[in-house]
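K.L.:
Chains as they are written, first to last, in our numbering: chain V, 1 to 202; chain Y, 1 to 220.
Cβ coordinates follow ideal geometry from the N, Cα and C atoms, glycine included.
Input: one structure, supplied below.
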Amino acid sequence: MTSSISDLTLVKQAQSGDSRAFDALVIKYQHRIVQLVLRYVRNQAEAEDVAQDCFIKAYRALATFRGDSAFYTWLYRIAINTAKNSLSARSRSPIRFGIDDAKGDFSVEMQEYMKDNVTPESLVLTNEISVIINAAIAQLPEDLRVAIIFRELEGLSYEEIAHAMECPVGTVRSRIFRAREDIHLRLLDVFPGGLGRDRVFE
Amino acid sequence: MSYIERDSQLSAMLDDELSRSQCELLERRLCSDAKLKHQWISYSLIGAVIRNEPIVSMGFAHAVVAAIAANTTTQDLLPQPLSNSLPLPLIARKHWVLPFGSVAVAASVIVLAIFYFNLSPSDKISQNLIDTIALSEVVIPEAGMSESSIGTAENLQSHVAPVQVVSLNNSSLNSLASNVQMVNFIVAHSEFSGPLSRQNVLSYLTSSESLVEVPEGIGR
């Protein structure tokens with residue numbers, strides 16, 4: 001399986017040193033990688049740590065990616081290896097918080113680590129987002145809902161969806177876009193600043 | 001190109017349904033346009049929710065990029081496996097290592113010393129060692145002390161522990177320095193063993209060589 005054109009374009013840009021292109025790839029695959037890592041670790045906070053490390057390793061090894069396989073396949077292997085390594089490392093040296101730590105004697109690094117972990121507020125936020133999106137999908141016109149479900153859930157291509165829905169490919173593309181845009185606008189109603197970290201947590 | 005067309009292309013790009021040239025053009029915009037990036041985030045999020053994937057914390061990607069920029073990883077902040085971290089003090093690894101290690105070191109030093117001196121027959125070091133040990137047990141009659149006060153050989157044998165009286169000849173005197181050196185060597189390199197252990201080793205040397213010359217009528 002060769003790499004998709006859009007991924008390859010972003011990878012090439014990232015290989016030239018543009019971390020914003022890699023940022024777009026992270027945004028695209030972050031949920032999928034966390035889900036994958038969750039097979040190996042205990043909770044989502046830990047999975048996010050491992051996923052974060054996976055993406056960093058991928059970025060460092062990006063120069064070796066030649067596009068022979070799909071970017072996600074390559075990333076998948078890194079994620080699996082990172083999760084396995086993390087699992088064995090943590091079993092050898094579990095995290096310990098000493099008595100002195102309880103007095104507030106955390107190192108700066110540990111404070112940063114704790115700060116970046118999943119907080120109850122962020123959990124509530126993600127649940128809220130999930131509820132909004134599901135509600136928005138339920139309210140979509142049927143042709144839009146079917147099109148986006150075929151694409152996102154079944155993973156069908158536009159051509160396959162067009163065949164299933166008996167309509168032109170351009171119509172499929174338009175329906176999927178309109179479905180996404182409708183849900184996106186509903187999200188903006190709740191989060192006017194968007195869903196980026198800096199906007200939401202301000 | 002209208003905003004709607006551009007956003008439509010973004011949606012198609014996410015699904016890998018865009019031509020290469022359009023991808024390259026849109027990719028440059030995606031990297032520079034904040035609004036387009038927010039849409040990219042939303043579109044990805046919608047897919048994750050439909051597929052019932054776990055929604056990662058907001059700012060996950062931001063943290064990845066920040067970590068890349070800082071050239072650090074979250075794993076660097078976590079405890080590393082022992083093989084990758086700095087060596088810990090010996091006592092911190094295993095509590096039993098120190099005492100057993102000490103005994104092992106002491107034993108190996110003693111064994112080495114035994115082999116070393118056993119393999120040097122030419123200068124009769126073993127004999128010199130016996131002489132040295134015997135020197136510490138010599139009973140020298142004090143001046144003015146009568147023969148009856150110290151007893152006869154039979155009395156000594158029956159009442160006192162075996163005593164060896166060694167007459168120091170010239171060869172013994174000449175080798176005394178090397179004897180002392182050897183004993184010092186054993187003592188200096190047996191810092192983990194007790195005095196009793198050292199005495200046992202020295203006794204072993206004397207008995208194993210069978211070089212003890214006990215004058216007739218004294219000792220065994």
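I27/V and W40/Y - do their beta-carbons sit closer together than 7 Å?
P.N.:
Here residue 40/Y refers to the residue found at position 40 of the second sequence. Here residue 27/V refers to the residue found at position 27 of the first sequence. Against a cut-off of 7 Å, the Cβ pair of I27/V and W40/Y comes out as a contact.
K.L.:
Tell me the DSSP secondary structure of G101/Y in three-state form.
P.N.:
Position 101 of the second sequence, counting from 1, holds the residue named residue 101/Y. Helix.
K.L.:
Can you list, in chain order, the residues of its chain with a C-beta nearer than 6 Å to that of D53/V? Leave out the 5 residues immediately preceding and following it.
P.N.:
Within the first sequence, the letter at position 53 stands for residue 53/V. T82.
K.L.:
Whole angstroms are fine: how far does the CA of L36/Y sit from the CA of D7/Y?
P.N.:
Residue numbering aside, residue 7/Y sits at position 7 when the second sequence is read from its first letter. Residue numbering aside, residue 36/Y sits at position 36 when the second sequence is read from its first letter. Distance between the alpha carbons of D7/Y and L36/Y: 8 Å.
K.L.:
Taking the continuous alpha helix (DSSP H) assigned at A63/V, which residues delimit it?
P.N.:
Residue numbering aside, residue 63/V sits at position 63 when the first sequence is read from its first letter. Unbroken run through A63/V: none, as it is neither H nor E.
K.L.:
Taking just the CA atoms, how far does R178/V sit from A69/Y?
P.N.:
Residue mapping note: residue 69/Y aligns to position 69 of the second sequence, counting from 1. Residue mapping note: residue 178/V aligns to position 178 of the first sequence, counting from 1. Cα to Cα, A69/Y sits roughly 36 Å from R178/V.
K.L.:
Going by beta-carbon coordinates alone, are F71/V and D18/V separated by less than 7 Å?
P.N.:
As a first step, residue 71/V is located in the first sequence; it is residue number 71 there, counting from the start. As a first step, residue 18/V is located in the first sequence; it is residue number 18 there, counting from the start. The answer is no: Cβ separation not under 7 Å.
K.L.:
Got a sec: which bits of the segment 27 to 44 of chain Y sit with their beta carbon under 9 Å from any beta carbon on chain V, in order along the chain?
P.N.:
Per Cβ criterion, the list reads E27, R28, L30, C31, S32, A34, K35, K37, H38, Q39, W40, I41, S42, Y43 and S44.
K.L.:
Figure out for me which residue from A51/V, A45/V and Y76/V has the closest Cα to the Cα of P61/Y.
P.N.:
Numbered from its first residue, the second sequence carries residue 61/Y at position 61. Per the sequence shown, residue 61/Y should be read as Ala rather than Pro. Nearest option by C-alpha distance: A51/V.
K.L.:
Across the segment 12 to 32 of chain Y and the segment 38 to 47 of chain V, are there enough close Cβ pairs to call them in contact, namely three or more that are closer than 8 Å?
P.N.:
Too few Cβ pairs lie closer than 8 Å, so no.
K.L.:
Counting only beta-carbon separations shorter than 7 Å, does V64/Y have a partner in chain V?
P.N.:
As a working note, residue 64/Y is residue 64 in the second sequence. So, interface residue.
K.L.:
Go ahead and pull the three-state DSSP assignment for D23/V.
P.N.:
Start at 1 with the first residue of the first sequence, and residue 23/V comes out as number 23. Helix.
K.L.:
Is the Cβ of E5/Y closer than 7 Å to any Cβ of chain V?
P.N.:
Counting from 1 along the second sequence, the entry for residue 5/Y is found at position 5. No, its Cβ sits nowhere closer than 7 Å to a Cβ of chain V.
K.L.:
So with CB distances below 7 Å, who are the chain V contacts of S11/Y?
P.N.:
Indexing the second sequence from 1 puts residue 11/Y at position 11. Within chain V, the residues near S11/Y are I176, F177 and R180.
K.L.:
Are the C-beta of S16/V and some C-beta of chain Y separated by less than 7 Å?
P.N.:
In the first sequence, counting from the first residue as 1, residue 16/V sits at position 16. It does not; no Cβ of chain Y falls within 7 Å.
K.L.:
Answer yes or no: does any C-beta atom of chain V fall closer than 7 Å to that of F60/Y?
P.N.:
Working through the second sequence from its first residue, we reach residue 60/Y at position 60. With 7 Å as the cut-off, F60/Y counts as an interface residue toward chain V.
K.L.:
List the whole-angstrom C-beta distance separating L87/V from Y40/V, where the pair is believed to meet the contact cut-off of C-beta under 8 Å.
P.N.:
The sequence position of residue 87/V within the first sequence is 87, counting from 1. The sequence position of residue 40/V within the first sequence is 40, counting from 1. About 6 Å separates the two Cβ atoms, so the contact holds.
K.L.:
Confirm, please, whether the CB-CB distance from S42/Y to H184/V is below 7 Å.
P.N.:
Locating residue 184/V in the first sequence gives position 184, where the first residue counts as 1. Locating residue 42/Y in the second sequence gives position 42, where the first residue counts as 1. A contact, by the Cβ cut-off of 7 Å.
K.L.:
Terminal residues of the continuous alpha helix (DSSP H) containing Y3/Y?
P.N.:
Sequence index remark: in the second sequence, residue 3/Y carries index 3 (1-based). From DSSP, the alpha helix (DSSP H) with Y3/Y extends over Y3 to L14.
K.L.:
Counting only C-beta atoms, is V56/Y closer than 7 Å to chain V at any point?
P.N.:
Position 56 of the second sequence, counting from 1, holds the residue named residue 56/Y. Closer than 7 Å: yes.
K.L.:
With H, G and I counted as helix, E and B as strand and the rest as coil, what does DSSP make of T152/Y?
P.N.:
Counting from one through the second sequence, the residue named residue 152/Y turns up at place 152. Low confidence applies here, because T152/Y scores a pLDDT of 48, under 50, leaving its location unreliable and the question unanswered by this model.
K.L.:
Quick check on the burial criterion: 16 or more other C-beta atoms within 10 angstroms. Buried or exposed for S108/Y?
P.N.:
Sequence index remark: in the second sequence, residue 108/Y carries index 108 (1-based). S108/Y comes out exposed.
K.L.:
Could you check if Q13/V is buried or exposed, using at least 16 other CB atoms within 10 Å of its CB as the buried criterion?
P.N.:
What you label residue 13/V is simply residue 13 of the first sequence in a count that begins at 1. Buried.
K.L.:
Distance cutoff 7 Å, beta carbons only. Does S8/Y sit that close to anything in chain V?
P.N.:
Along the second sequence, one-based indexing puts residue 8/Y at 8. Yes, S8/Y counts as interfacial toward chain V.
K.L.:
Please list the partners that V225/Y has in chain V, where partner means a Cβ-to-Cβ separation under 7 Å.
P.N.:
This structure leaves residue 225/Y out entirely; chain Y is present only between 1 and 220.
K.L.:
Could you tell me whether the Cβ of L90/Y comes closer than 7 Å to any Cβ of chain V?
P.N.:
Reading the second sequence from its first residue, position 90 is the one you call residue 90/Y. Confidence at L90/Y is low in this model, with a pLDDT of 43, below 50, so its placement is unreliable and no value can be given for it.
K.L.:
Alpha carbon to alpha carbon, what distance is there between G155/V and R180/V?
P.N.:
Position 180 of the first sequence, counted from the start, is the residue given in the question as residue 180/V. Position 155 of the first sequence, counted from the start, is the residue given in the question as residue 155/V. Distance between the alpha carbons of R180/V and G155/V is about 15 Å.
K.L.:
Verify the CB distance criterion: does A67/Y have a CB-CB separation below 7 Å to chain V?
P.N.:
Start at 1 with the first residue of the second sequence, and residue 67/Y comes out as number 67. At least one chain V Cβ lies under 7 Å of A67/Y.
K.L.:
Sort L140/V, N85/V, R90/V and Q15/V by Cα distance to A63/V and report the nearest one.
P.N.:
Walking along the first sequence from the start, residue 63/V turns up at place 63. That would be Q15/V, whose Cα lies nearest to the Cα of A63/V.
K.L.:
Can you give me the start and stop residues for the alpha helix (DSSP H) that E24/Y sits inside?
P.N.:
Indexing the second sequence from 1 puts residue 24/Y at position 24. Unbroken alpha helix (DSSP H) run through E24/Y: R20 to S32.
K.L.:
Measuring CA to CA, which of M58/Y, L18/Y and L14/Y is closest to L123/V?
P.N.:
Against the first sequence, residue 123/V aligns to sequence position 123. Of the candidates M58/Y, L18/Y and L14/Y, the one whose C-alpha sits nearest the C-alpha of L123/V is M58/Y.
K.L.:
Can you give the beta carbon distance from I161/V to R151/V, rounded, assuming they're within the 8 Å contact cut?
P.N.:
Against the first sequence, residue 161/V aligns to sequence position 161. Against the first sequence, residue 151/V aligns to sequence position 151. Between R151/V and I161/V the Cβ distance is about 6 Å, and since that is below 8 Å, they are a contact.
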